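Numbering (mature numbering (1 follows the signal peptide of the UniProt record, and there is no 0)), first residue to last: -18 to -1, 1 to 86.
Each residue gets a CB set at the ideal place from its N, CA and C atoms; glycine is no exception.
These numbers come from a predicted model, not from an experiment.
Structure first, then comments.
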């Protein structure tokens, strides 16, 4: 089992001040299982912005995973398609990243 660590950043189209992010707790899952990470956003109306997920593996640089636009259309890095699913719940100001079939 491995602790899944994901570094995510909030990228906004325009400058916004006073926002904050609260991530879900770390999780431990087995390879092949799926897990959903969440990020609660405060200080902005999430439905007005494109929300991006970015990861950083230990010892590596930042890697853009993908984003969800102001609606429900999601886009992914070509090399990572099918590995992740990005969704959001504007009413809760929550952003989700489902990691499909964890790898070691």
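Identify the continuous beta strand (DSSP E) that holds residue i and give its terminal residues.
i, result
"residue 45", "44 to 50"
"residue 54", "Careful: residue 54 lies outside any beta strand (DSSP E) and carries neither H nor E."
"residue 2", "2 to 5"
With DSSP run on the structure shown, which of helix, strand or coil describes residue i?
i, result
"residue 84", "coil"
"residue 30", "helix"
"residue -17", "Unreliable placement is indicated for residue -17, whose pLDDT of 38 sits below 50; no coordinate value is reported for it."
"residue 60", "helix"
"residue 12", "coil"
Whose C-beta lies closer than 6 Å to the C-beta of residue i among residues of the same chain, with five residues either side of it excluded?
i, result
"residue 67", "80"
Quick one: what's got a C-beta closer than 8 Å to residue i's C-beta in the same chain, skipping five residues either side?
i, result
"residue 82", "16, 64, 65, 66, 67"
Under the DSSP definition of a beta bridge, which residues are partnered with residue i?
i, result
"residue 70", "77"
"residue 38", "44"
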